[in-house]
Amino acid sequence: MARFLVRRLLAMVVVLFAISVLTFLIFEAIPNGDPAVRLGGRSSTPETREAIRKDWGFDKPIYEQYAITMRKIFTGTVVSYSQQINVVDEIKRDLPATLSLAIGAGVIWLGFGILFGVISAVNAGKLTDTSLTVLSLIGVSTPVFLLGALVLWAFAYKLTIFPAGGYVPLTQDPWGWLTHMTLPWFVLSVLFIGFYSRVLRSNILDTINEDYVRTARAKGLSERRILIHHVLRNSLIPVVSLWGLDFAAVIGGGAILTETVFNLQGVGQYAATSIQQLDVPPVLVITMFGAFFVVVLSAAVDIVYALLDPRIRLSA
Amino acid sequence: MARGELLLEVSHLVKHFPIKSGILFDREVARVRAVDDVSFTLHEGETLGLVGESGCGKSTLCRTAIQLLEPTSGSVKYRGRELVGLSRRELRPLRREIQMIFQDPYSSLNPRKRVGQIIGDPLQLHGLASGNHLRREVQQLMDRVGLQPEHYNRYPHEFSGGQRQRIGIARALALRPKLIIADEPVSALDVSIQAQIINLLEDLQDEFNLSYIFVAHDLGVVRHVSDRIAVMYLGKIVERSPAVELYEQPIHPYSVALLSAVPIPDPKANAARRPIVLEGDVPSPVDPPPGCRFHTRCPWATEVCSEDEPPLAAYESGQAAACHHPRNVDAGMIAATEVAPDSPESASDLLPEPEQAAAAAR
Amino acid sequence: MAGPLLEIEDLKVDFRTDEGTVHAVDGVSLSLEAGEVLSIVGESGCGKSVTAMTILGLTRGPNARISGSIRYQGQELTTASNDELETVRGNRIAMVFQDPMSSFNPVHRIGDQIVEAILAHHDIEKEAAHRQAVEALRSVGIPDPETRARHYPFEFSGGMRQRAMIAMALALEPAILIADEPTTALDVTIQAQILELLQDLNQERGLSVVLITHDLGVVAEIAERVMVMYAGQIVEQGTLEEIFYDPQHPYTWGLMGSLTRLDQERPERLPQIGGQPPSLLGLPPGCRFRPRCPHAFDRCAELPGLEHRLAKEPGHLDRCWLEPSEKKEKREVEGRIGLEARKVSV
Chain X
0 MARFLVRRLL AMVVVLFAIS VLTFLIFEAI PNGDPAVRLG GRSSTPETRE AIRKDWGFDK
60 PIYEQYAITM RKIFTGTVVS YSQQINVVDE IKRDLPATLS LAIGAGVIWL GFGILFGVIS
120 AVNAGKLTDT SLTVLSLIGV STPVFLLGAL VLWAFAYKLT IFPAGGYVPL TQDPWGWLTH
180 MTLPWFVLSV LFIGFYSRVL RSNILDTINE DYVRTARAKG LSERRILIHH VLRNSLIPVV
240 SLWGLDFAAV IGGGAILTET VFNLQGVGQY AATSIQQLDV PPVLVITMFG AFFVVVLSAA
300 VDIVYALLDP RIRLSA
Chain G
0 MARGELLLEV SHLVKHFPIK SGILFDREVA RVRAVDDVSF TLHEGETLGL VGESGCGKST
60 LCRTAIQLLE PTSGSVKYRG RELVGLSRRE LRPLRREIQM IFQDPYSSLN PRKRVGQIIG
120 DPLQLHGLAS GNHLRREVQQ LMDRVGLQPE HYNRYPHEFS GGQRQRIGIA RALALRPKLI
180 IADEPVSALD VSIQAQIINL LEDLQDEFNL SYIFVAHDLG VVRHVSDRIA VMYLGKIVER
240 SPAVELYEQP IHPYSVALLS AVPIPDPKAN AARRPIVLEG DVPSPVDPPP GCRFHTRCPW
300 ATEVCSEDEP PLAAYESGQA AACHHPRNVD AGMIAATEVA PDSPESASDL LPEPEQAAAA
360 AR
Chain F
0 MAGPLLEIED LKVDFRTDEG TVHAVDGVSL SLEAGEVLSI VGESGCGKSV TAMTILGLTR
60 GPNARISGSI RYQGQELTTA SNDELETVRG NRIAMVFQDP MSSFNPVHRI GDQIVEAILA
120 HHDIEKEAAH RQAVEALRSV GIPDPETRAR HYPFEFSGGM RQRAMIAMAL ALEPAILIAD
180 EPTTALDVTI QAQILELLQD LNQERGLSVV LITHDLGVVA EIAERVMVMY AGQIVEQGTL
240 EEIFYDPQHP YTWGLMGSLT RLDQERPERL PQIGGQPPSL LGLPPGCRFR PRCPHAFDRC
300 AELPGLEHRL AKEPGHLDRC WLEPSEKKEK REVEGRIGLE ARKVSV
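Chains as they are written, first to last, in numbering that gives the first Met the number 0: chain X, 0 to 315; chain G, 0 to 361; chain F, 0 to 345.
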């Protein structure tokens, strides 16, 4: 296990480095363009652009530029020239909303995904299974912004049960936080619940036919024990690793659409508005952080997978 | 059986698989010595049986001999021509003459191809037939192996295990090879179907003058089809004998144990035999025991066996065995032995002592 | 205890599939005495595994129809509730399967899987159960059982895994062990070890064994009574000697003939059984072996009953209309028991 861990972490470091180089190249080293203009924005003045050039070292060799960029990003000194704000500070302000959305939705979609997956599998072929299948397909196919808009219209506008968007910090007003997050959680989870229940259903149906489940039954174990300790224990392993990656993607800004529809002012929405306004520095930093988060979580997921499946860790 | 020309000559063939490990970079830390200095010959029209238990290297030996795997070292001569080191293009025409039949009739046929295609593809690939002529060739082959030619357009899953094995045989025959390597061709089949397939293979051998290397772990089946048999253990040939002699007077203790472990489908005969039940499991081919590889499980091992790897010794009966304490041979036979010319290079030339014959009574 | 340990009467198991109803088991009856070794022999699709699994209720499902009676010490199992079955499984009747690699859960340790079986039936401390598990491993000859109990299935060799499987089955000291092709996936030297183990268990502990196999050599090694199955029915049953030395059914002759025997000269040609086993979907009326039998005659259009036709061997039953004298004559092919080759298109 130790060897596996070390190798995996080392691989992670290598990938992080590669990503940083790639991001840097995409944003700053694309030929036929002046990176200073890109960073400064269309409406920037020549003086601003000259200052940018000095600040970011665009007259220096490319590896120095890379070093400077990385330093700026990780010391939080990247500034959005068109907005006149420090990007990292802004991200910090927006993070609680994104975290609330991601963690809440993550827990909900994992829980319900497993629940519906199990129900579907146990009732395979019957009406319950078919209805859940149809529901999950609807969930998977409905665009998030459409669902968000519908839900907002129905529950916030027509029936004023929920607030019509915005974010209230948990520390400020727990109940307000909850009511503001309910609809976004629902909208973001629906897609994943549909997907996860299908995956789990399929894994369970495969596992149920495995020889070792037959052995477990032949030993006289109760159906409940067989379902939990043998069927679920084995079927959930791929689901857990899937969850880790999806969760990372959501935090890294993948919930852009949901945040925007509900005006949560999270990191994703920040990225969306920056893209709209062609404001490059925030997009650069969010991309970098997002990518890093995904890579780190993916390594964590692999390690968890190895903990759950001894064949991975011992035959490495 | 009259021996035809020398078809295949394998000399000191070695195939090791490196095991790579390391924190940052992979270094070779050990090797799986799957095939460790094996030599044998095969003549036209002959059947060589290859027996041994899982992990002995028999399948790897076959694949390495026909260059499906690249040998670590050694030589393989087909009709006098060296195969090791040839490029894929150079090997191509030779592949027509050497074909293989596999063990699992369920996974060795492409489920998405029709049977006619499976059998006919080799002919097309080598530019030997096309169109209507191809179809007729394939149907003739199907008929010859006992399948109904009208089933030309069916898919493998529409056939039973025995029928699928027949399809595999037809595919191997399509190019009219001289040598067919059958890797456990009947192990996955029911007993009553096994007999059908074995009889078919024998008929085909007579009709097409085929030579076989027949790999199997079922000793009864191997005895039935083989002229000569090589017994493998942990990557080495421990005994090589004509079929009749192997079963009547096995020389190597492993052969003795193997044969004695086979139950006889006859209660009285079964009760009368005294099987030698070997202790423990087969050691790993990564770290084979020193000296004679079998010494850790051998009921007759002595100190010399753990230190000195015995040479492959040729006996007058036409048998060859690598053992310091051979079974079922008398003093006279031992005295007349010589080190076989293809004895492994790592082995010594310490031949067994005639005095030991007294202790080697069956 | 009076009466047989296990009694099966006219068991029928049908499976509903997309292509129709598969009659996997069609009227099987058997009885097993305490301490006896009974072998059920047949090839794939004959119904032997389905029979065995039905004893423990492992074939129950929405598409299965089971009729007939299976009684363990008088307790009816076919209609038993799931709770009742769970008490019997592992505890009174245990089963080991063919492939020990896939029969163990790959992500749990071997020791834990044995402990799980023990705790499902006995209300004892986990440590006590663990000690019993280690003892069980030791009793089947696994060296260093304390360490081995902490290993995962893939860390065991094939023979060790099968021993571990047997240890797990026996940890609760059942009266009957059903072994479904226990040695088919193993090398012959390991097979010898496992068969020796089963024999010791039978002789020392009085364990009754139902051994399911297609290998007549294995049968000859340890069975006392034999049942030969074909296409869902028993076609012949009797003592070991009766079946091997006086077989009464052409299928049995065919099975014996197609075997290679190391203690005899090899025949010119292996007597084979032509054709293939029938599909269990649409079975023709009459004797099911008829399409492949070179000795079939008009009476075979009527399904023979399983009856004893030899006055001197009351326990020896078969399903063949031929007269005993005719059978004696027809079963010899080139000096050994076999079935004459008959050209049947495949």
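Glycine is no exception: its CB is placed at the ideal position from the N, C-alpha and C atoms.
Exercise. Closest Cβ-Cβ distance between Thr20(F) and chain G: below 8 Å?
Worked result: For Thr20(F), not one C-beta of chain G is nearer than 8 Å to its own C-beta.
Looking only at DSSP bridge pairs, what is Tyr229(F) linked to? Paired residue(s): Gln232(F).
Starting from His107(F) and walking both ways along the alpha helix (DSSP H), at which residues does that stretch end? DSSP places His107(F) in no alpha helix (DSSP H); its state is neither H nor E.
Check your understanding: So what's Met0(G) in DSSP terms, helix, strand or just coil?
Key -> Its pLDDT being 42, under 50, Met0(G) is placed unreliably in this model, and the value from its coordinates should be taken loosely. In this structure, Met0(G) counts as coil in the three-state DSSP scheme.
Check: In terms of residue numbering, what span does the alpha helix (DSSP H) encompassing Glu339(F) cover?
Finding: Taken as a continuous stretch (DSSP letters only), Glu339(F) belongs to no alpha helix (DSSP H), as it is neither H nor E.
Practice task
Determine the closest residue to Gly116(X) out of Leu94(X), Tyr65(X), Leu136(X), with distance taken between C-alpha atoms.
Solution key: Distances from the alpha-carbon of Gly116(X) to those of Leu94(X), Tyr65(X), Leu136(X) put Leu136(X) closest.
Tell me the rounded alpha-carbon separation between Arg149(F) and Ser101(F). Straight-line spacing of the CA atoms in Arg149(F) and Ser101(F) works out to 18 Å.
ask   = Which two residues bound the contiguous beta strand (DSSP E) that contains Phe155(F)?
value = Unbroken run through Phe155(F): none, as it is neither H nor E.
key: Per DSSP, the bridge partner or partners of Asn377(X)   = Residue 377(X) is absent from the model: chain X starts at 0 and stops at 315.
Step through the CB atoms of chain X and report whether any lies within less than 8 Å of the CB of Pro181(F).
It does not; no Cβ of chain X falls within 8 Å.
- Query: Whose C-alpha, out of His150(G), Gln193(G), Lys177(G), is nearest the C-alpha of Gln164(G)?
  - Reply: Ranked by Cα distance from Gln164(G), the first of His150(G), Gln193(G), Lys177(G) is Gln193(G).
Assign Phe14(F) to one of three DSSP states: helix, strand, or coil.
-> It is a strand residue.
Arg325(X), enclosing alpha helix (DSSP H) - first and last residue = The structure shown does not extend to residue 325(X), since chain X is modelled only from 0 to 315, so the question has no answer here.
Cβ contact (3+ pairs, closer than 8 Å) linking the segment 279 to 289 of chain G and the segment 27 to 38 of chain G: Yes, they touch.
Close beta carbons around Thr63(G), own chain, < 7 Å, minus the five adjacent residues each side | Only Leu12, Lys14, Val34, Pro70 meet the Cβ criterion.
Answer with yes or no whether the minimum CB distance from Val24(F) to chain X is below 8 Å.
Between Val24(F) and chain X, the shortest Cβ-Cβ separation is not below 8 Å.
Next on the checklist: Between Leu307(X) and chain F, is any beta-carbon pair separated by less than 8 Å?
Outcome noted: Chain F places a beta carbon closer than 8 Å to that of Leu307(X), counting this residue as a contact.
*Compute the Euclidean distance between the alpha carbons of Ile39(F) and Gly205(F), then round it to the nearest angstrom.*
If I take the Cα positions, the gap works out to 19 Å.
- request: Indicate whether Pro246(F) and Arg330(F) have their beta-carbon atoms separated by less than 8 Å.
  value: Annotated as proximal: Pro246(F) and Arg330(F), with beta-carbon spacing under 8 Å.
Classification of Gly273(F) by the beta-carbon crowding that lies within 10 angstroms, buried from 16 upward: With 16 or more Cβ atoms within 10 Å of its Cβ, Gly273(F) is classed as buried.
Heavy atom of the ligand NAD less than 7 Å from the Cβ of Ile274(X), yes or no?
This structure lacks the ligand NAD; in fact it carries no ligand of any kind.
Return the Cβ separation of Ile197(G) and Val230(G) in integer angstroms, given the expectation that the two are a contact with Cβ distance under 8 Å. Under the criterion of beta carbons closer than 8 Å, Ile197(G) and Val230(G) do not qualify as touching, at roughly 20 Å.
What is the DSSP secondary structure of Tyr166(X), reduced to helix, strand or coil? Here Tyr166(X) carries a coil assignment [DSSP, helix/strand/coil].
| Do you know how far the Cα of Val284(X) is from the Cα of Thr44(X)? | Answer to the nearest angstrom: the Cα atoms are 23 Å apart.
Contact check, Leu258(F) vs Arg222(G) under 8 Å by CB: the rounded distance? Wrong, their Cβ atoms sit about 12 Å apart, outside the cutoff.
Against Leu57(F), what residues of chain X qualify as contacts under a CB-to-CB distance less than 7 Å, listed in chain order?
Annotation: Cβ neighbours of Leu57(F) in chain X (cutoff 7 Å, chain order): Arg213, Arg216, Ala217.
- Excluding sequence positions up to five away, which residues of its chain have a Cβ less than 6 Å from the Cβ of Met0(F)? Residue confidence for Met0(F) is low, a pLDDT of 48 falling below 50, so the modelled location carries little weight; the figure read from the coordinates is stated next. Answer for Met0(F): no residue qualifies.
| task | Please report the Cβ distance between Ala247(X) and Ser196(X), rounded to the nearest whole angstrom; I am assuming they are in contact, meaning their Cβ atoms lie under 8 Å. | result | About 21 Å separates the beta carbons of Ala247(X) and Ser196(X), which is beyond the 8 Å limit, so they are not a contact pair.
Exercise for the section: Compute the distance between the beta-carbons of Val49(F) and Ala178(F), then report whether it is under 8 Å. Expected result: For Val49(F) and Ala178(F), no; Cβs fall outside 8 Å.
Tell me Val78(X)'s beta-bridge partners as DSSP assigns them.
BP columns for Val78(X) point to Asn85(X).
**Message:** Can you look up Ile274(X) in the DSSP assignment and give me helix, strand or coil?
**Reply:** If DSSP states are grouped into helix, strand and coil, Ile274(X) belongs with the helices.
Checklist entry - Got a sec: is the Cβ-Cβ distance from Tyr151(F) to anything in chain X below 8 Å? => result For Tyr151(F), the nearest CB of chain X lies under 8 Å from its own CB, placing it at the interface with that chain.
* Nearest candidate by alpha-carbon position, reference Arg170(G), set Ile100(G), Arg134(G), Ala187(G) -> The shortest Cα separation from Arg170(G) among Ile100(G), Arg134(G), Ala187(G) belongs to Ile100(G).
Practice prompt. Establish whether the CB of Ser344(F) and some CB of chain G are separated by less than 8 Å.
Written response: Low confidence applies to Ser344(F): its pLDDT is 44, below 50, so where it sits in the model is not reliable, and the reading given next is rough at best. So yes, Ser344(F) belongs to the interface.
Using 10 angstroms around the beta-carbon of Pro284(F), count the other beta-carbons present and answer buried if the total reaches 16, otherwise exposed. Exposed, because fewer than 16 other Cβ atoms sit within 10 Å of the Cβ of Pro284(F).
Glu344(G), buried or exposed, once every other Cβ within 10 Å from all chains shown has been counted against 16: Glu344(G) comes out exposed.
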